[in-house]
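Trainee: Heads up: the protein sequence lines correspond to chains A and B, in order. For the first sequence, the working numbering gives the first residue as 6, with consecutive numbering after it. For the second sequence, the working numbering gives the first residue as 1324, with consecutive numbering after it. Have a look at the structure that comes next, please.
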Amino acid sequence: MADAPAGTIYDVGYQRYEGVRLGRRHAIWALYVHSLRGVFGIGRSWSSKVGPMGLAVIALVPAIFQLGVAAVTPTELSVIRPEEYYNLIEVVLAIFCAVVAPELVGRDQRTNTLSLYFSRALRRQDYALAKFGALVTGMLAITVIPQAIMFLGNGLAANDFGDYLKDNWTDLPSILGSAALLSGLIAGIGLIIAAQMPRRAYSTVGILAAFLLTSIIAASVFETADQNVGRFVLLLSPFHIVRGFTLWFFDATPDPGTQIGEANFHGIAYAIDAVLVTLLMLALLFRRYEKISP
Amino acid sequence: MNATVFTLTLRQFAGQRRSLLMFGLALIPVALAIIFRLGEHLDQQEETANFLANVVITLILPLACLIIGTSALGSEIEDGTAVYILAKPVPRREIIAAKFAASVLIAAAFVVPATVVSGLIGLQGVSEEGIVTGFAIATLVGVFAYTAVFILLSLATSRALLFGLAYVFIWEGLITELFSGTRFLSIRQYCLGIADFFATVSEQEFEATIGGPEAFILAAVAAAGALFLAVRRLESFELTNTD
């Protein structure tokens, strides 16, 4: 025993990674795709699918109702007009965001996996950007699809699809533009709240409160305060912003009885406001992920 | 009831950001009431009663109870700390009782004062007509019923929050409004029934579909039933990986 070597080094066969390194851009893309699948619970258990899929179906109900009406009545009759659609499903959209956003960003914070992401090619802003992109895409899916179904259905129910298309083709850019602004706005607000509070219960209720309660507060301030001051409060409520710019995109005049009608802003004000709020939320989200200790 | 579990649960709710959210939820009705008072009103009693019904009972009360009820036991299950409680020689009914008592205490401490203060501000200058008393009792009863149901939900499924939201917004918000025959299965309607029972304003101003005594009994049955089932569920609880 005494003359045995003091220590022996064994070759246990550790190897360096020799393959192709796909780099930062691929990492962003991979995280985006993974997150987008997570938005709808694809690749997860059925209980993760129930929420987002169920809400997506509920968001379709008014479109299907309109199709039924269009099929039964002989003349072109729009019970549900495209510029009113988001107004009808705004609570569904808020619940969708409140259910999905905490899953997207909260889970990585709860399970301490952020440090794993940040130790790879992915930068901190890239993480925020991929998550934001995934939620925006998810929101786009549940806003554009019902509108597209309604557009196609109305067109096919009309006497001549070609004529319908010729008369109403301007609706298509309106649908896409308003849906894009709406998705960016709601996703931005949802993610910034979810990133602050990793606990699911708190962030879900926080997001809902941010949409529903600001809407109520803005409405009652508007009713009470002086018109010239009070109308600016509407620009702070996400639901009012969405209503405002959707009407502008579809070139519709708001009903005089509604608050949007009384506030009498030019429609573009809501659109600019939505862009500004979205950019602010993105900036805050970047800052949050720069500061967060994984 | 187990005093240690009770105090631990109270402490669990005392995080900074979380209690900030609860404060926000409680302050919003007060702020709304102040905004409301600044305006001109034809019928302050009617409008205050409707405000308490549409904002406090419909939104603030269920949302506050949803957070607290689903996370009292739910966050322990999610974090994996439930094992340590369940492994102790404490009867499961005592755990449920302690969790329930702590949740009710916290939820009531936020929601009931919010109701009373916003009601008093809204009715300032006119006679109260039992509106504040009615809604205070209604929210208190609501806290008991909602919290019990949400605790049961957090034990029955790992998606308690989702099903809780679906119950509040889709069942109570949509289906019971459309099909009034289902109203006896809605905690919101119990609360409105109780508030209506105590408030002496005329029927056009504020009217509930369920009578006061029935609403009280139904709420008690809902709370007791949910707690009984929660104890049963916890007695045969299997810890699984939730995330």
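Cβ coordinates follow ideal geometry from the N, Cα and C atoms, glycine included. This structure is a prediction, so every number in the text was calculated from the model and none was measured.
Going by beta carbon distance, what residues of the same chain come within less than 6 Å of arginine 1416 (chain B), once the five residues before and after it are set aside?
Mentor: The residue labelled residue 1416 (chain B) in the question sits at position 93 within the second sequence. Counting only Cβ-Cβ distances below 6 Å, and skipping sequence neighbours, we find Val1554.
Trainee: Where does aspartate 1366 (chain B) fall in DSSP's three states?
Mentor: The count along the second sequence starts at 1 and reaches residue 1366 (chain B) at position 43. Aspartate 1366 (chain B): coil per DSSP, three-state reduction.
Trainee: Contact check, phenylalanine 250 (chain A) vs alanine 276 (chain A) under 8 Å by CB: the rounded distance?
Mentor: Position 245 of the first sequence, counted from the first residue, corresponds to residue 250 (chain A). Position 271 of the first sequence, counted from the first residue, corresponds to residue 276 (chain A). At roughly 4 Å, the Cβ-Cβ gap stays under 8 Å, so phenylalanine 250 (chain A) and alanine 276 (chain A) are in contact.
Trainee: Which residues of the region 1411-1428 of chain B have a Cβ closer than 8 Å to any Cβ of chain A? Give them in chain order.
Mentor: From the region 1411-1428 of chain B, no residue has a Cβ closer than 8 Å to chain A.
Trainee: Work out the CA separation of lysine 296 (chain A) and alanine 1547 (chain B) for me, nearest whole Å.
Mentor: Translated into positions along the second sequence, residue 1547 (chain B) becomes position 224. Translated into positions along the first sequence, residue 296 (chain A) becomes position 291. Computed Cα separation, rounded: 46 Å.
Trainee: Would you mind sorting aspartate 176 (chain A) into buried or exposed? The rule is 16 or more other CB atoms within 10 Å of its CB.
Mentor: The count along the first sequence starts at 1 and reaches residue 176 (chain A) at position 171. Buried, by the Cβ-count rule.
Trainee: Locate the alpha helix (DSSP H) running through glycine 235 (chain A), then write down its first and last residues.
Mentor: By 1-based counting over the first sequence, the position of residue 235 (chain A) is 230. Per DSSP, glycine 235 (chain A) belongs to the alpha helix (DSSP H) from 232-238.
Trainee: Using 8 Å as the Cβ pair cut-off and three pairs as the minimum, do the region 217-224 of chain A and the region 235-247 of chain A touch?
Mentor: At 8 Å Cβ cutoff, the stretches touch.
Trainee: How would you write the range of the alpha helix (DSSP H) that tryptophan 174 (chain A) sits in, first residue to last?
Mentor: Position 169 of the first sequence, counting from 1, holds the residue named residue 174 (chain A). Tryptophan 174 (chain A) -> no alpha helix (DSSP H), and no H or E assigned at all.
Trainee: Measure the alpha-carbon distance for alanine 153 (chain A) versus leucine 287 (chain A) and round it to whole angstroms.
Mentor: Within the first sequence, numbered from 1, the residue matching residue 153 (chain A) stands at position 148. Within the first sequence, numbered from 1, the residue matching residue 287 (chain A) stands at position 282. Going by the C-alpha atoms only, they are around 28 Å apart.
Trainee: Measuring CB atoms only, is the region 278-285 of chain A touching the region 253-261 of chain A, in the sense that at least three cross pairs come out at less than 8 Å?
Mentor: Counting Cβ pairs under 8 Å, fewer than three are found: no touch.
Trainee: Is any heavy atom in the ligand GDP found nearer than 8 Å to the beta carbon of phenylalanine 137 (chain A)?
Mentor: Judged by which ligands are present, the structure shown has none, so any question about the ligand GDP falls away.
Trainee: Looking only at C-alpha atoms, which of A:Ala11, A:Leu119, A:Val210 and A:Ala224 sits nearest to alanine 133 (chain A)?
Mentor: If you number the first sequence from 1, residue 133 (chain A) lands on position 128. Considering only alpha carbons, the answer is A:Leu119.
Trainee: Report the option in B:Glu1558, B:Ala1549, B:Leu1550 and B:Ser1509 whose CA atom is closest to the CA atom of alanine 1538 (chain B).
Mentor: As a first step, residue 1538 (chain B) is located in the second sequence; it is residue number 215 there, counting from the start. Selected option, being the one with the closest Cα: B:Ser1509.
Trainee: List, in chain order, every chain B residue whose beta-carbon is nearer than 9 Å to that of methionine 202 (chain A).
Mentor: Working through the first sequence from its first residue, we reach residue 202 (chain A) at position 197. The contacting residues are Arg1340, Arg1341 and Leu1344.
Trainee: Let me know the secondary structure DSSP gives arginine 204 (chain A) once reduced to three states.
Mentor: To locate residue 204 (chain A), count along the first sequence from 1; it is residue 199. Correct three-state label for arginine 204 (chain A): coil.
Trainee: Check whether the Cβ atoms of isoleucine 1351 (chain B) and alanine 206 (chain A) lie closer than 9 Å to each other.
Mentor: Residue 1351 (chain B) sits at position 28 when you count from the first residue of the second sequence. Residue 206 (chain A) sits at position 201 when you count from the first residue of the first sequence. Going by C-beta atoms, isoleucine 1351 (chain B) is not nearer than 9 Å to alanine 206 (chain A).
Trainee: Starting from the C-beta of alanine 1468 (chain B), find all residues in its chain whose C-beta is less than 7 Å away, skip the five residues before and the five after it, and write them out in chain order.
Mentor: If you number the second sequence from 1, residue 1468 (chain B) lands on position 145. Closer than 7 Å at the Cβ level, and outside the excluded window around alanine 1468 (chain B), lie Ile1510, Tyr1513, Ala1542, Ala1545 and Ala1546.
Trainee: What residues from the region 212-237 of chain A come within 9 Å of chain B, judged by C-beta to C-beta, listed N to C?
Mentor: For the region 212-237 of chain A, which is checked against every Cβ of chain B, the residues closer than 9 Å are Leu213, Ala214, Leu217, Leu218, Ile221, Ile222, Ser225, Val226, Glu228, Thr229 and Ala230.
Trainee: Under 9 Å between beta-carbons, which chain B residues line up against arginine 293 (chain A)? List them in chain order, please.
Mentor: Within the first sequence, numbered from 1, the residue matching residue 293 (chain A) stands at position 288. The contacting residues do not exist; arginine 293 (chain A) stays about 13 Å from chain B at best.
Trainee: May I ask you to report which of helix, strand or coil DSSP gives histidine 271 (chain A)?
Mentor: Position 266 of the first sequence, counting from 1, holds the residue named residue 271 (chain A). It is coil, neither helix nor strand.
Trainee: In chain B, which residues lie less than 9 Å from serine 52 (chain A) when you measure between Cβ atoms?
Mentor: For the purposes of this step, residue 52 (chain A) is taken as the residue at position 47 of the first sequence. In chain order: Thr1480, Ser1481, Arg1482 and Leu1485.
Trainee: What did DSSP end up calling glutamate 23 (chain A) once you bin it into helix, strand or coil?
Mentor: On the first sequence, position 18 is the one that residue 23 (chain A) refers to. Coil.
Trainee: Rounded to whole angstroms, what is the Cα-Cα separation between glycine 1442 (chain B) and valine 234 (chain A)?
Mentor: On the second sequence, residue 1442 (chain B) is found 119 positions in, with the first residue counted as 1. On the first sequence, residue 234 (chain A) is found 229 positions in, with the first residue counted as 1. Cα to Cα, the separation comes out at about 26 Å.
Trainee: Name the chain B residues whose beta carbon is nearer than 9 Å to that of isoleucine 69 (chain A)?
Mentor: Locating residue 69 (chain A) in the first sequence gives position 64, counting from the first residue. Within chain B, no residue comes near isoleucine 69 (chain A); the closest Cβ sits about 16 Å away, beyond 9 Å.
Trainee: State the CB to CB distance for the pair alanine 1431 (chain B) and leucine 1384 (chain B), rounded to an integer number of angstroms; the pair is presumed to be in contact (CB under 8 Å).
Mentor: Position 108 of the second sequence, counted from the start, is the residue given in the question as residue 1431 (chain B). Position 61 of the second sequence, counted from the start, is the residue given in the question as residue 1384 (chain B). The Cβ separation is near 10 Å, so there is no contact.
Trainee: Which class does aspartate 16 (chain A) belong to by DSSP, given the choice of helix, strand or coil?
Mentor: One-based indexing of the first sequence puts residue 16 (chain A) at position 11. Aspartate 16 (chain A): coil per DSSP, three-state reduction.
Trainee: Looking at the structure shown, is phenylalanine 1374 (chain B) part of a helix, part of a strand, or coil, going by DSSP?
Mentor: Counting from 1 along the second sequence, the entry for residue 1374 (chain B) is found at position 51. Of the three classes helix, strand and coil, the one that applies to phenylalanine 1374 (chain B) here is helix, per DSSP.
Trainee: Would a check of beta-carbon distances place glutamate 1369 (chain B) closer than 9 Å to chain A?
Mentor: Start at 1 with the first residue of the second sequence, and residue 1369 (chain B) comes out as number 46. It does not: the Cβ of glutamate 1369 (chain B) has no partner Cβ on chain A nearer than 9 Å.
Trainee: Apart from the five residues just before and just after threonine 142 (chain A), which ones in its own chain have a Cβ nearer than 7 Å to its Cβ?
Mentor: The residue labelled residue 142 (chain A) in the question sits at position 137 within the first sequence. Excluding residues within five positions, the ones whose Cβ falls inside 7 Å are Leu41.
Trainee: Skipping 5 residues on each side, what residues in its chain have a beta carbon closer than 7 Å to that of phenylalanine 1486 (chain B)?
Mentor: The residue given as residue 1486 (chain B) occupies position 163 in the second sequence. Counting only Cβ-Cβ distances below 7 Å, and skipping sequence neighbours, we find Leu1476 and Thr1480.
Trainee: Would a check of beta-carbon distances place glutamate 1500 (chain B) closer than 9 Å to chain A?
Mentor: In the second sequence, residue 1500 (chain B) corresponds to position 177, counting from 1. Chain A, which has no Cβ nearer than 9 Å to the Cβ of glutamate 1500 (chain B), makes this no.
Trainee: In terms of residue numbering, what span does the alpha helix (DSSP H) encompassing valine 1440 (chain B) cover?
Mentor: Reading the second sequence from its first residue, position 117 is the one you call residue 1440 (chain B). Start and end: 1415-1445.
Trainee: Does the beta-carbon distance from proline 299 (chain A) to alanine 199 (chain A) come in below 9 Å?
Mentor: Position 294 of the first sequence, counted from the first residue, corresponds to residue 299 (chain A). Position 194 of the first sequence, counted from the first residue, corresponds to residue 199 (chain A). Cβ distance not < 9 Å, so proline 299 (chain A) and alanine 199 (chain A) don't count as in contact.
Trainee: Once you ignore the five residues that flank isoleucine 1357 (chain B) on each side, which residues in its own chain have a CB closer than 8 Å to its CB?
Mentor: Within the second sequence, the letter at position 34 stands for residue 1357 (chain B). Around isoleucine 1357 (chain B): Ile1444.
Trainee: Taking 9 Å as the threshold (beta carbon to beta carbon), is alanine 206 (chain A) in contact with chain C?
Mentor: Among the protein chains of the structure shown, namely A and B, there is no chain C.
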